[in-house]
Amino acid sequence: MKHQERVGLHREGSPYSEQECEQIISKLEQLLDGELDSQKAAEVNQMVASCEYCFEQYNIERSIRSLIKNGFKNVMASANLVKNIKDSIRRSRVTDEQPRP
Amino acid sequence: MPTLLSPSPVLEPVGTDRTTEMATKAANDALFERELMPHIQSLYHFAYRLTGDEDNANDLVQDTYLKAYRFLKSYEQGSNAKAWLFRILKNSFINQYRKTSKEPGKVDYEEAEMYLQTGKAAYADTLDGGEKMFRGLIGDEVSRALSSLPVDFRTVIILCDIEEFTYEEIAKIIDIPIGTVRSRLHRARKMLRELLTAYAVSMGYDPDGSSDD
Numbered sequence: 014m015k016h017q018e019r020v021g022l023h024r025e026g027s028p029y030s031e032q033e034c035e036q037i038i039s040k041l042e043q044l045l046d047g048e049l050d051s052q053k054a055a056e057v058n059q060m061v062a063s064c065e066y067c068f069e070q071y072n073i074e075r076s077i078r079s080l081i082k083n084g085f086k087n088v089m090a091s092a093n094l095v096k097n098i099k100d101s102i103r104r105s106r107v108t109d110e111q112p113r114p
Numbered sequence: 008m009p010t011l012l013s014p015s016p017v018l019e020p021v022g023t024d025r026t027t028e029m030a031t032k033a034a035n036d037a038l039f040e041r042e043l044m045p046h047i048q049s050l051y052h053f054a055y056r057l058t059g060d061e062d063n064a065n066d067l068v069q070d071t072y073l074k075a076y077r078f079l080k081s082y083e084q085g086s087n088a089k090a091w092l093f094r095i096l097k098n099s100f101i102n103q104y105r106k107t108s109k110e111p112g113k114v115d116y117e118e119a120e121m122y123l124q125t126g127k128a129a130y131a132d133t134l135d136g137g138e139k140m141f142r143g144l145i146g147d148e149v150s151r152a153l154s155s156l157p158v159d160f161r162t163v164i165i166l167c168d169i170e171e172f173t174y175e176e177i178a179k180i181i182d183i184p185i186g187t188v189r190s191r192l193h194r195a196r197k198m199l200r201e202l203l204t205a206y207a208v209s210m211g212y213d214p215d216g217s218s219d220d
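Each protein sequence line maps, in turn, to chains P and R. Following my numbering, the numbering of the first sequence begins with 14 at its first residue and continues without gaps. Following my numbering, the numbering of the second sequence begins with 8 at its first residue and continues without gaps.
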């Protein structure tokens with residue numbers, strides 16, 4: 014079902030078949046995550062550049078990533094946290110050092 | 008036969024010499040300070056995104072560091088400290104916060120699928136032009152969408168997109184095969200994309216009127 018939705022959007026004039034586009038698109042995430050080896054990455058990049066539909070999908074993937082990065086900013090740990098951690102370690106050490114019953 | 012030649016087990020207190028003990032402690036403290044403490048901000052961020060709450064995030068990070076200190080022996084100096092800490096944190100989170108849930112550590116796919124129904128109708132029509140549509144969304148909205156993802160999906164997104172761990176590191180942190188990391192990331196991003204699309208539509212974006220710029 015999902016496949017049909019996608020196929021329906023496949024642009025005429027793309028140098029690639031629908032299956033080829035599907036294949037490129039399935040590699041986009043790994044490409045953007047830096048998980049493809051350089052040869053494969055170059056291959057996918059080149060295919061993306063020559064197909065309008067794939068290029069658009071690539072841009073959507075990229076914009077989702079930048080949204081995620083921006084949407085997840087600004088949560089700072091409080092200065093107290095560091096202090097509390099050190100205190101709790103100190104306390105745990107004191108307990109460890111006490112003679113066992 | 009000499010059977011007692013093997014060294015004493017690692018967990019046995021090493022020697023009783025007070026000076027050696029203190030020197031070890033000082034070395035451990037230095038190691039802790041130098042290699043582990045610098046990751047506090049990332050850990051806090053992760054904890055906050057998992058628990059959705061400052062107090063719980065603080066407790067979780069504190070607990071993580073306390074455990075890290077106690078198990079410092081199992082940390083190899085110079086190895087991936089950040090991934091090691093994230094793994095401890097993620098395990099603590101599962102133990103503390105998910106004890107009551109049905110099957111801790113497992114993704115509830117049915118729940119995820121049901122959850123997806125919300126954005127599906129909007130998604131089918133608006134995949135095209137999605138990039139333009141997302142442009143209007145601001146951090147708060149995205150943040151809300153991210154927090155509403157089921158926790159297993161949120162976790163991989165944070166580890167990959169925010170902390171930029173490799174698939175291999177993520178696999179180790181959450182104890183799943185690399186293939187599962189890949190497919191879970193894919194599903195998570197798809198959910199997010201559908202959610203954001205639905206959100207953009209609900210905010211008045213008209214997918215048919217995309218003739219601007």
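Ideal placement from N, C-alpha and C gives every residue a C-beta, glycine not left out.
For the pair aspartate 50 of chain P and glutamate 171 of chain R, the Cα-to-Cα distance works out to about 17 angstroms. The straight-line gap separating the alpha-carbon atoms of lysine 197 of chain R and proline 45 of chain R is approximately 33 angstroms. Using a 10 angstroms sphere on the CB of alanine 92 of chain P, the tally of other CB atoms stays under 16, which defines it as exposed. Membership of alanine 90 of chain P in any alpha helix (DSSP H) is not indicated, and neither H nor E is assigned to it by DSSP.
When C-beta distances to chain R are compared with 8 angstroms, the residues of the stretch 39-56 of chain P below that value are Glu42, Gln43, Asp46, Gly47, Glu48, in chain order. Excluding sequence positions up to five before and after glycine 85 of chain R, its CB lies within less than 8 angstroms of the CB of Glu42, all in the same chain and listed in chain order. Two segments are said to touch when three or more pairs of C-beta atoms, one from each, lie closer than 8 angstroms; by this definition the stretch 44-60 of chain R does not touch the stretch 67-78 of chain P. Against chain R, the beta carbon of arginine 78 of chain P has neighbours under 7 angstroms at Asp168, listed in chain order. In terms of Cα proximity to cysteine 34 of chain P, the closest of P:Ser101, P:Cys67, P:Val88 is P:Cys67. Between aspartate 70 of chain R and serine 99 of chain R, the C-beta spacing is below 9 angstroms.
Interface flag for asparagine 65 of chain R against chain P is set, since a Cβ pair is found closer than 9 angstroms. Taking C-beta separations shorter than 7 angstroms and ignoring five residues to either side along the sequence, the partners of isoleucine 181 of chain R in its chain run Lys97, Thr162, following chain order. Chain P places a beta carbon closer than 9 angstroms to that of lysine 32 of chain R, counting this residue as a contact. Taking 8 angstroms as the cut-off between beta carbons, the residues of the stretch 189-200 of chain R near chain P are Arg189, Leu192, His193, Arg196, Leu199, Arg200, in sequence order.
Within chain P, the C-beta atoms nearer than 7 angstroms to that of histidine 52 of chain R come from Val88, in chain order.
By a beta-carbon distance limit of 8 angstroms, isoleucine 77 of chain P contacts arginine 200 of chain R. Their separation comes to about 6 angstroms. With distances taken between CA atoms, valine 88 of chain P lies nearest to R:Asp147 out of R:Asp147, R:Tyr206, R:Glu176. Listed along chain R, the residues sitting closer than 8 angstroms to valine 95 of chain P by beta-carbon distance are Met44, Ile47.
The beta carbon of lysine 74 of chain R is closer than 8 angstroms to those of Ile95, Ser99 in its chain, skipping five residues each way along the sequence. Residue state for threonine 26 of chain R is assigned as helix, using DSSP reduced to three classes. Glutamine 69 of chain R reaches chain P at Leu94, Asn97, Ile98, Ser101, counting residues in chain order whose Cβ is nearer than 8 angstroms. For isoleucine 164 of chain R, the C-beta contacts it makes with chain P under 8 angstroms involve Ile81, in order along the chain.
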